[in-house]
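Student: Residue numbers (numbering that gives the first Met the number 0): 0 to 346. First, the structure itself, so that you have it in front of you.
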Amino acid sequence: MGGNGAREDWAIVALAEIAAAPTVAALEALRVQYLGKQGRVTGELRALSGLPALERRARGAVLNEYKTDIEHALSRQREVLAQAEQTQRLEQERLDLTLPGVSPAWGTLHPITRVRRRLADVMLRLGFTLRTAPEMETEWYNFEALNMPADHPAREMHDTFYLEAPYVLRTHTSPFQIRAMRDAGGELPLRVATLGFTYRRDDDATHTPQFMQMEGLVLDRGIGLPDLKGVVLAVVRDVFGPTERIRLRPSFFPFTEPSAEVDMSCPLCLGTGCRVCHTGWIEILGSGLVHPRVLEAGGYDPGEVSGFAFGWGVERVAMLLYGLDELRPLYQNDVRFLQAFDAWDSL
0 MGGNGAREDW
10 AIVALAEIAA
20 APTVAALEAL
30 RVQYLGKQGR
40 VTGELRALSG
50 LPALERRARG
60 AVLNEYKTDI
70 EHALSRQREV
80 LAQAEQTQRL
90 EQERLDLTLP
100 GVSPAWGTLH
110 PITRVRRRLA
120 DVMLRLGFTL
130 RTAPEMETEW
140 YNFEALNMPA
150 DHPAREMHDT
160 FYLEAPYVLR
170 THTSPFQIRA
180 MRDAGGELPL
190 RVATLGFTYR
200 RDDDATHTPQ
210 FMQMEGLVLD
220 RGIGLPDLKG
230 VVLAVVRDVF
240 GPTERIRLRP
250 SFFPFTEPSA
260 EVDMSCPLCL
270 GTGCRVCHTG
280 WIEILGSGLV
290 HPRVLEAGGY
300 DPGEVSGFAF
310 GWGVERVAML
320 LYGLDELRPL
330 YQNDVRFLQA
340 FDAWDSL
């Protein structure tokens, strides 16, 4: 320090204390002690005013050199302490790579996705072509073309979501039949199926305003109820097991004639009767031979061509496969509920 002779004792002490400062806080206290407003260097500089001019100049040069050396010493020690703190922190935060890791949480397929994929696979293996159709439909495709004119009570029964005329949110997947027939241009045989969302004003334990349906359509010459029953039985047994039985009950749908509700033997009690089915049978889907007016709307001659159609709710299938009493949890996205299906990866 300094080039004007030996250092003064207080300056030597200042440098020694700064070099030995153990912490940043202690270093800051030394800075204030020597360079602060009331510090030693500041006091010495103030005292210069009482010295003669020549002596003041020489003394000022020495004090400024002391001040510079103290500032450099403070800066060096600050870097040393910062490096030491970083080394200590890194030592404390060092990872032990020999410790066992934590396995990441794996996602799982949604039960509706599982069932949708399974149904799609069944239909493909039976020779059906899968196609999509608009969820926003015209009233003509959703109603008139399916034998439901403007005054038909089924329009009120469906409780439709009406959009700006002439559009509605489709109340069923059946409009796809008309689109498929028109796109086929009279080609036979026609075997098509669809999977998609439909919409109705309904919300309770077994119904939601948005739900998914799967529907199949077969057209050819000489198609009858035995063909319908054979295909439906094959689908049911593929999904629920080879021992399932089905029965057809007369029913009514505007777009099929004759129409039939299909029951299957209860998969929970194997047809013996339980609190779910009561009788050993569970209603599973609706079906029937395609109505002549629907064939005409699709561009086919009902005198030459016949066919059948069937459809069921994907959520309904999921409830039966997984033994669920309520539909709504399937759409509430509770991770705990969804994780319960990890064991069903075979689907």
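All C-beta atoms, glycine included, are put in the ideal place defined by N, C-alpha and C.
Touch check for the stretch 73 to 85 and the stretch 277 to 296: three-plus C-beta pairs under 8 Å?
Tutor: no
Student: Taking the C-alpha atoms as reference points, what is the distance between T197 and T97?
Tutor: 54 Å
Student: What do you get for M135, buried or exposed, if any count of 16 or more other CB atoms within 10 angstroms of its CB means buried?
Tutor: exposed
Student: Can you tell me whether W139 is buried or exposed, with buried defined as 16 or more other CB within 10 angstroms of its CB?
Tutor: exposed
Student: With a Cβ-Cβ cutoff of 7 Å, do L26 and A20 count as a contact?
Tutor: yes
Student: Given this structure, state the Cα-to-Cα distance separating L73 from E64, to the nearest angstrom.
Tutor: 14 Å
Student: For the pair the stretch 298 to 312 and the stretch 216 to 233, tell me if three or more CB-CB distances fall below 8 Å.
Tutor: yes
Student: Please state if the CB of N146 and the CB of P253 are separated by a distance shorter than 7 Å.
Tutor: yes
Student: Are there 16 or more other CB atoms within 10 angstroms of the CB of V121, so buried, or fewer, so exposed?
Tutor: buried
Student: Taking just the CA atoms, how far does L94 sit from I11?
Tutor: 44 Å
Student: Give the single residue among G59, F340, E256 whose Cα lies nearest to the Cα of L44.
Tutor: Nearest C-alpha to L44: G59.
Student: For Y161, does the three-state DSSP call read helix, strand or coil?
Tutor: strand
Student: On the CB-based measure, 16 or more other CB atoms within 10 Å of its CB, does E54 come out buried or exposed?
Tutor: exposed
Student: Taking the C-alpha atoms as reference points, what is the distance between Q91 and E16?
Tutor: 28 Å
Student: Helix, strand or coil, according to DSSP, for A149 in the structure here?
Tutor: coil
Student: Compute the beta-carbon to beta-carbon distance between M180 and L194, rounded to the nearest angstrom, for a pair I have assumed lies under 8 Å.
Tutor: Cβ-Cβ separation between M180 and L194: approximately 18 Å, too far for a contact (criterion under 8 Å).
Student: Report yes or no: is there a C-beta of chain D within less than 7 Å of the C-beta of Q91?
Tutor: Of the chains in the structure shown, none is chain D; there is only one protein chain.
Student: Short check: CB of G287 to CB of A259, under 7 Å?
Tutor: yes
Student: So, using beta-carbon positions, are A192 and F239 closer together than 7 Å?
Tutor: no
Student: Starting from the Cα of L62, find the closest Cα among L320, P51, Y321, W9 and give me that residue.
Tutor: W9
Student: Return the bridge partner residues of H206 from the DSSP annotation.
Tutor: D203
Student: Measuring only the C-alpha atoms, how far is A119 from L129?
Tutor: 8 Å
Student: Evaluate T172 with the Cβ neighbour count: other Cβ atoms within 10 Å of its Cβ, from every protein chain shown; 16 or more gives buried, anything less gives exposed.
Tutor: buried
Student: Pick out whichever of P103, H109, T170, R39 has its Cα sitting closest to the Cα of A339.
Tutor: H109
Student: From this set, H290, K36, R113, Q87, which residue's C-alpha is nearest I177's C-alpha?
Tutor: Closest by alpha carbon: H290.
Student: With a floor of 4 residues, list each alpha helix (DSSP H) that falls wholly inside the stretch 110 to 135, ordered by position along the chain.
Tutor: 110 to 124
Student: Between which two residues does the alpha helix (DSSP H) carrying E90 extend?
Tutor: 52 to 91
Student: Is R236 near the ligand MN, judged by its Cβ being under 6 Å from some heavy atom?
Tutor: No copy of the ligand MN occurs in the structure displayed, which carries no ligand at all.
Student: On the three-state DSSP scale, how would you describe Y198?
Tutor: Here Y198 sits in strand by DSSP.
Student: Over the uninterrupted alpha helix (DSSP H) stretch that includes W105, give me the two end residues.
Tutor: It is not in any alpha helix (DSSP H) - W105 carries neither H nor E in the DSSP assignment.
Student: Among G49, I245, N332, F210, whose alpha-carbon lies nearest the alpha-carbon of L227?
Tutor: The residue with the shortest Cα to Cα distance from L227 is I245.
Student: Give the DSSP-derived three-state secondary structure of A308 in the structure shown.
Tutor: strand
Student: Since T41 contacts L34 with CB under 8 Å, what's their CB separation in whole angstroms?
Tutor: 7 Å
Student: Measure the C-alpha to C-alpha separation of G297 and A144 and round it to an integer number of angstroms.
Tutor: 8 Å
Student: Go through its chain and collect everything with a Cβ distance to R30's Cβ below 6 Å, but skip five positions before and after it.
Tutor: Here the set comprises L73.
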